[in-house]
Amino acid sequence: MFVQNLRAKNPLIHCITNYVTVNDVANAIIACGASPIMADDINEVAEITKISDALVINLGTLNERTVKSMKASLKQANLDDKITVLDPVGASVSKFRSSVAKELLKEFRFSVIKGNLSEIKFLNDLKSSSKGVDISDKDKDESLENIAFIARNLATKTGAIIVITGQTDIISDENTTYICKNGNSMMAEFSGSGCILAGLIAAFVCANKDMPLKAALMAVCCNGVAGDLAKQKNVLTKVGNMTFKQNLIDEIYKMSDDKIEDLAKFEEIE
Amino acid sequence: MFVQNLRAKNPLIHCITNYVTVNDVANAIIACGASPIMADDINEVAEITKISDALVINLGTLNERTVKSMKASLKQANLDDKITVLDPVGASVSKFRSSVAKELLKEFRFSVIKGNLSEIKFLNDLKSSSKGVDISDKDKDESLENIAFIARNLATKTGAIIVITGQTDIISDENTTYICKNGNSMMAEFSGSGCILAGLIAAFVCANKDMPLKAALMAVCCNGVAGDLAKQKNVLTKVGNMTFKQNLIDEIYKMSDDKIEDLAKFEEIE
Amino acid sequence: MFVQNLRAKNPLIHCITNYVTVNDVANAIIACGASPIMADDINEVAEITKISDALVINLGTLNERTVKSMKASLKQANLDDKITVLDPVGASVSKFRSSVAKELLKEFRFSVIKGNLSEIKFLNDLKSSSKGVDISDKDKDESLENIAFIARNLATKTGAIIVITGQTDIISDENTTYICKNGNSMMAEFSGSGCILAGLIAAFVCANKDMPLKAALMAVCCNGVAGDLAKQKNVLTKVGNMTFKQNLIDEIYKMSDDKIEDLAKFEEIE
């Protein structure tokens, strides 16, 4: 029903995102049933947010010019109560990125914040350090319990749904926490896995506004199940990372509520 | 003969285009037999237009900086009588984009203007509204007769060849109008189908300058036939949108005049 | 051992590169065993270079803003003795690009400079002219002897390892020159072959710092062998350029020192 809703509504997703993975994000947004529009000029972003159903802010390759546009878009989105998704790519990697991430968090409301544990810890004022745009090795050993606690804590502080990606994904608001065990190691072997997920989350949540936490969970499951199906396509030979990426987006395109119901491995945790 | 000319001449196509689909545009331009050069800095664009055979201006992800560069390039291109193609992506989606589109149309001559019906209507001062960068649902029901009339009208006003993409594509100057029925619904299921076509049009027209209308038609046929062949590759299973995109550009790479002659479904209409 | 070292160390590669091929560069860097980080804002680039193991400067789609960032990054990289790779895409194509290329060469130290013969000739103050971002037809006929001489000459002037790509690739410092005969004509049939190689060189060299010339040679071999394997995948039918590109990066992902040892065709020349 979540996928079906999304495809019936075909929401428009405004993305201010990095130029590294933007094409894959656009195609993944189409694949799941929504329509992407990428626009980052200060002269038009607020108008484009206004006609869109959701706004994705991705901090990869941010610059002074686009940060202003992000703020103008977020202002409009908050005014109109649109779905907003923050993807704080490499949030702690530089002072500039750190301060932008913190500023956005302070000045605007986000419906969902999605990051790896290093990024989410940073936003939560916990000591952490990314390895570039990837999770740090140290953070890889954090217990699921701790991660869930961090998610709930940031959810409480910000009012946002928190998605922490990792071997096990966490999807949480301040009261309820889900884990999802779909997906596999190949998803870290290409650039843009997280960016794609942020796009999917925006699409799923704005098409299923009455159940945002469940919708965010379904977006995570959709991505993970697609990753699992993509991997199964090449069981006999080692799959290359580019073919895997293509298969993943293809599988999002072919996704259905039934497939998610059959293959999703999620549960609510305490 | 159009494809053969293009491959023999290997023209250089200067593109000032959006960062979403730029890679696919570059590879499609190579695939058809031309060479792409993407450059958008005001300090070099005029020089690069000067050494190029054609200029493609694509309004997706435009910004203040690149609009200045578009104008400098167009000025040079018009001065040197180069082939110029305008792709007014989402022309009416914001005041900024609308005014840039209208300004470019007023200040510069275009050899070809290519858009979906919503975009072309807007440039023709007809009431319309895009859905983001896609055609609006309302415009989808316009009759072929009306669309042809709109194309001829804009061709008369601007002196440009007008290409209107849709289920049936229209290629028209002020006197002669062709329709092309190749292509299929998968071409709207990935990002950049229109951007790729604009690149092909520039390549075909500048390599076949004595027959620009026919060359634009052949570019549309090339794209449509490639789309049809790409779809046929995956008749037994549902094809994903990323695989379809890859197949499409691959088929452009393998295109020949013979294939177009065999498979193109075009005719002249009154 | 070069590939093994690279995968064991998983170095972080900071790229200031063009928006045309950036996604393929990122995925190729992951494929070979390193991690990419693309960042070009003046407010963060020096910091990001500082935490990275190597810096790639690619002049495609450069602009005034990113040139400042390139200089800030290079300053930091030279200060910290990081591996730096220059890819002077289309160096002579405009006055702006020419002067930036020459300025960077004058003001900063590069570990490796990689280009086609037209680009390297230009940096060497020899008469040449690119065809857009491709080698000029005239330069295609230069003898291997002359090319090797040009490489050694620029190596002596700059202290950099020089890589000249072409039908036969040249890898040279001021004393020792290798040629590599892997690779094939398909590698010029998609956009970004050279950009990918620059990323690989940065990764191989910074993970094998004690043998930089051999490491650069191994990067060239890795790329060429991957291209050869990619081509062999489609011997029965003509392969499209997009499928070839995907196969190439996939083969980099599956590369091993053993494969390079088996398949690399390189030798030292006088």
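Residue numbers (our numbering), protein chains in the order written: chain B, 1 to 270; chain F, 1001 to 1270; chain D, 2001 to 2270. Beta carbons are placed, not taken as given, at the ideal position from N, Cα and C, and that holds for glycine. Given the structure is predicted, the values throughout are model-derived calculations rather than measurements.
When the cut-off is 8 Å and only beta carbons count, does residue i lie next to chain B?
i, result
"Glu1119(F)", "no"
"Asp1040(F)", "no"
"Ile2016(D)", "no"
"Val1272(F)", "Residue 1272(F) cannot be examined here, being either before or after the span of chain F that is shown, 1001 to 1270."
"Asn2234(D)", "no"
"Asn1078(F)", "no"
"Thr1061(F)", "yes"
"Met1187(F)", "no"
"Gly1240(F)", "yes"
"Thr1243(F)", "yes"
"Glu1064(F)", "yes"
"Gln1246(F)", "yes"
"Pro2036(D)", "yes"
Out of the options, which one is the CA nearest neighbour of residue i?
i, options, result
"Met1218(F)", "Ser1185(F), Lys1245(F), Ser1256(F) and Val1239(F)", "Ser1256(F)"
"Ala2008(D)", "Ile2030(D), Asn2153(D) and Glu2107(D)", "Ile2030(D)"
"Pro2036(D)", "Ala2028(D), Leu2104(D), Val2022(D) and Ile2013(D)", "Ile2013(D)"
"Val2056(D)", "Ala2202(D), Gly2132(D) and Val2235(D)", "Ala2202(D)"
"Leu123(B)", "Ser143(B), Asp137(B), Arg97(B) and Ala226(B)", "Arg97(B)"
"Lys50(B)", "Leu59(B), Ala39(B) and Ile171(B)", "Ala39(B)"
"Lys157(B)", "Gly90(B), Ile48(B) and Ile120(B)", "Ile120(B)"
"Phe2(B)", "Ala34(B), Thr84(B) and Thr17(B)", "Ala34(B)"
"Ser2185(D)", "Gly2199(D), Ile2179(D), Thr2176(D) and Thr2165(D)", "Thr2165(D)"
"Val133(B)", "Asn208(B), Asn43(B) and Thr21(B)", "Thr21(B)"
"Ala2101(D)", "Thr2243(D), Met2070(D) and Ser2143(D)", "Met2070(D)"
"Ile2161(D)", "Val2220(D), Thr2066(D) and Glu2064(D)", "Val2220(D)"
"Ala1072(F)", "Pro1088(F), Thr1168(F), Ile1048(F) and Glu1142(F)", "Ile1048(F)"
"Ala216(B)", "Ile113(B), Glu107(B), Asn27(B) and Pro88(B)", "Ile113(B)"
"Ala1091(F)", "Leu1079(F), Lys1265(F), Phe1149(F) and Leu1104(F)", "Leu1104(F)"
8 Å is my cut-off, CB to CB: does residue i come that close to chain D?
i, result
"Gly194(B)", "no"
"Tyr1178(F)", "no"
"Ile1048(F)", "yes"
"Pro1011(F)", "no"
"Gln167(B)", "no"
"Asp1250(F)", "yes"
"Thr156(B)", "no"
"Val56(B)", "no"
"Lys1254(F)", "yes"
"Ala1026(F)", "yes"
"Val112(B)", "no"
"Ala1219(F)", "no"
Looking at the unbroken alpha helix (DSSP H) that takes in residue i, where does it start and where does it end?
i, result
"Ala216(B)", "Pro212 to Gln232"
"Lys106(B)", "Lys95 to Glu107"
"Ser193(B)", "Ser193 to Ala207"
"Leu1059(F)", "Unbroken run through Leu1059(F): none, as it is neither H nor E."
"Ser2172(D)", "Here Ser2172(D) belongs to no alpha helix (DSSP H); instead the beta strand (DSSP E) covers Asp2169 to Ser2172."
"Ile2083(D)", "Here Ile2083(D) belongs to no alpha helix (DSSP H); instead the beta strand (DSSP E) covers Ile2083 to Asp2087."
"Ile42(B)", "Run containing Ile42(B): none; DSSP gives neither H nor E here."
"Thr237(B)", "No alpha helix (DSSP H) contains Thr237(B), which DSSP labels as neither H nor E."
"Val66(B)", "Checking the sequence, you will find Thr at residue 66(B) rather than Val. Unbroken alpha helix (DSSP H) run through Thr66(B): Glu64 to Leu79."
"Glu261(B)", "Asp257 to Leu263"
Please decide whether residue i counts as near chain F, where near means a Cβ-Cβ distance under 8 Å.
i, result
"Asp2134(D)", "yes"
"Glu2107(D)", "no"
"Ser2191(D)", "yes"
"Asn2023(D)", "yes"
"Phe2096(D)", "yes"
Taking residue i as part of the beta strand (DSSP E), name the residues at either end of that continuous run.
i, result
"Glu267(B)", "Phe266 to Ile269"
"Lys2114(D)", "Val2112 to Asn2116"
"Thr2177(D)", "Thr2177 to Cys2180"
Since residue i contacts residue j with CB under 8 Å, what's their CB separation in whole angstroms?
i, j, result
"Cys15(B)", "Val25(B)", "6 Å"
"Asp271(B)", "Leu1062(F)", "In the structure as shown, chain B begins at 1 and stops at 270. Residue 271(B) is therefore absent and cannot be evaluated."
"Leu263(B)", "Val235(B)", "Actually they do not touch by this definition, with Cβ atoms about 16 Å apart."
"Asn1005(F)", "Ala1207(F)", "5 Å"
"Gly1227(F)", "Gly1183(F)", "5 Å"
Compare the C-beta of residue i against all C-beta atoms of chain A and say whether one is closer than 8 Å.
i, result
"Lys2214(D)", "The structure shown contains no chain A; its protein chains are B, F and D."
Q) Where are the beta strand (DSSP E) runs, 3 residues long or more, that stay fully inside the stretch 1007 to 1040 of chain F, in chain order? A) Counting only runs of 3+ residues, the beta strand (DSSP E) found wholly inside the stretch 1007 to 1040 of chain F occupies 1012 to 1016 and 1035 to 1038, in chain order.
Q: Kindly provide the ranges of any beta strand (DSSP E) runs that are 3 or more residues long and lie completely inside the stretch 1119 to 1164 of chain F, ordered along the chain.
A: Within the stretch 1119 to 1164 of chain F, no complete beta strand (DSSP E) run reaches 3 residues.
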